[in-house]
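Numbering (this note's numbering), first residue to last: 229 to 677. Below is one structure, written out as structure tokens, with a few remarks after it.
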């Protein structure tokens, strides 16, 4: 039987086109079958048509189908990939961001952490649980890869509700280390061995060595990182230049590095972690700032807003295409499982079964993973910085209560999840926020009682 890979949320131009481009390049999946599934028939057909044209034009052996029926898509699947949002993604995100602020709750962004991250979770996790219910019925042995956010809250809830499923979270942020470390250390990436971990969008470099000598390179990273990152542009400026130079149709070149808006652009909270906690974060303020009670005071808010503005424009651009390049780590993971060619994957999100001592077992953590014919397993990290471990510990009760609130549909637990969050400092505002968000998003939050 050909390997059956199901893409759930395939109507998304960004996800559907990018994932097909990677799958079509695989030399292991040349006779595989890809099933596209979405609830939007027009979007689904657009991706299917483009995919089939690419197959025909390049005489590929892989086959492609599309269906609006999730059970039909999932029957006998070997691998499932989830990348979904609900409703008008950006309109709902903007409510997640603005409504808490209007009530005086200080949050940096509101996608993955803080009050906004909680309501994002309350909205998107229930349909993912429904997907997992179908997976358990139609393909219980499939490996499931999730790209949806809020990653750690989604994965923690799924593993609590469906502990027997092979559910792995994947995120692109780890790629920043491939970009930055060779420049900081002035050596090729092939000469660098590193590990990083924590929570998704809230993780740090834990070790880095030169492969040729085995020498610890972290002291050198800490000595040189400030001078390097102080001069980098923020992502909003980079994406703006993409639109100005290429009308949003082609990839960035190194020319954007000449556009330096201000020192430490989009790296205020990043800078504190680097200089005061002596560890290198793997992402910038729009992500790490969401998890810090002092993030509001140091984050680069203008750069975050600029990034959001241009990210939205980039995502909604009308000219996606299937590219003949490899960028999605998921495809390499699938290939390794099918061929039993073991390797260490830089970042996966899995339950904390002895992987990080500073967090409980029920939480899903982001750590390196070992991939082979048995699937994906976590790699234990033993050198998480003490201070950063304390910041991670602040998230334990939030994740616990968020997961149970979703499973039980409990407004009481939602309130508790808000009140244990260090970012929330007003009981009355938390209570009002719940009522206002349910009123704004009754279709997605009306299950809370």
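The C-beta atom is built at its ideal place from N, Cα and C for all residues, glycine as well.
From the DSSP output, which residues share a beta bridge with residue i?
i	result
residue 374	310, 397
residue 437	421, 444
residue 547	Residue 547 is not bridged to any residue.
residue 264	235, 294
residue 538	For residue 538, which the question treats as bridged, DSSP gives no partner whatsoever.
residue 571	599
residue 430	427
residue 604	599
residue 225	Past the boundaries of the shown model lies residue 225; the chain is included only from 229 to 677, so the question cannot be answered.
residue 509	432
Who are the Cβ neighbours of residue i in its own chain at under 7 Å, not counting the five residues just before and after it?
i	result
residue 434	423, 424, 425, 609, 611, 612
residue 499	492
residue 411	456
residue 299	362, 366
residue 238	244, 264, 265, 266, 272, 275
residue 247	235, 309, 556
residue 256	563, 566, 567
Rounding to the nearest angstrom, what Cα-Cα distance links residue i and residue j in this structure?
i	j	result
residue 672	residue 632	17 Å
residue 430	residue 650	15 Å
residue 481	residue 540	Model confidence at residue 481 stands at a pLDDT of 38, short of 50, so the residue's coordinates are unreliable and nothing is read from them.
residue 554	residue 258	15 Å
residue 444	residue 663	52 Å
residue 535	residue 358	32 Å
residue 551	residue 415	30 Å
residue 351	residue 634	9 Å
residue 643	residue 676	11 Å
residue 646	residue 396	26 Å
residue 510	residue 460	14 Å
residue 488	residue 344	Model confidence at residue 488 stands at a pLDDT of 49, short of 50, so the residue's coordinates are unreliable and nothing is read from them.
residue 476	residue 525	Its pLDDT being 46, under 50, residue 476 is placed unreliably by the model, and nothing is read from it.
residue 241	residue 249	12 Å
residue 583	residue 277	43 Å
residue 448	residue 658	44 Å
residue 533	residue 229	49 Å
residue 665	residue 558	34 Å
residue 382	residue 561	21 Å
residue 503	residue 303	51 Å
residue 549	residue 296	22 Å
residue 479	residue 538	Low per-residue confidence applies at residue 479: pLDDT is 40, beneath 50, and the placement is therefore not dependable enough to give any value.
residue 196	residue 370	Summary: the structure shown does not reach residue 196, with the chain confined to residues 229 through 677, and so no result is reported for it.
residue 292	residue 301	11 Å
residue 589	residue 624	10 Å
residue 607	residue 523	30 Å
Below 9 Å between beta carbons: does that hold for residue i and residue j?
i	j	result
residue 354	residue 338	no
residue 399	residue 375	yes
residue 450	residue 393	no
residue 288	residue 252	yes
residue 756	residue 308	Since the first residue of the chain shown is 229 and the last is 677, residue 756 is not available in this structure.
residue 265	residue 290	no
residue 556	residue 599	no
residue 305	residue 232	yes
residue 668	residue 331	no
residue 336	residue 454	no
residue 653	residue 413	no
residue 626	residue 648	yes
residue 320	residue 630	no
Cutting at 6 Å between CB atoms, please list the residues of its own chain near residue i, excluding the five before and the five after it.
i	result
residue 409	420
residue 615	505
residue 628	none
residue 286	none
residue 341	518, 519
residue 458	491, 492
residue 318	540
Which same chain residues, not among the five before or five after residue i, have their C-beta less than 8 Å away from its C-beta?
i	result
residue 368	392, 393
residue 349	378, 381, 382, 385, 630, 634
Does the count of Cβ pairs from the stretch 311-326 and the stretch 273-291 closer than 8 Å reach three?
No, because fewer than three Cβ pairs between the stretch 311-326 and the stretch 273-291 fall closer than 8 Å, the two stretches do not touch.
Could you check whether the stretch 438-445 touches the stretch 594-609, counting it as contact only if at least three pairs of C-beta atoms, one from each stretch, sit closer than 8 Å?
These segments do not touch.
Quick check: the stretch 617-628 against the stretch 511-523, are at least 3 beta-carbon pairs closer than 8 Å?
Two segments are said to touch when three or more pairs of C-beta atoms, one from each, lie closer than 8 Å; by this definition the stretch 511-523 touches the stretch 617-628.
Flag this pair as touching only if the stretch 402-415 and the stretch 578-585 have three or more C-beta atom pairs under 8 Å; answer yes or no.
Between the stretch 402-415 and the stretch 578-585, the count of C-beta pairs closer than 8 Å stays below three; the two stretches do not touch.
Between the stretch 525-533 and the stretch 628-646, can you find at least three pairs of beta-carbon atoms closer than 8 Å?
Judged by Cβ distances under 8 Å, the stretch 628-646 makes no contact with the stretch 525-533, as fewer than three pairs qualify.
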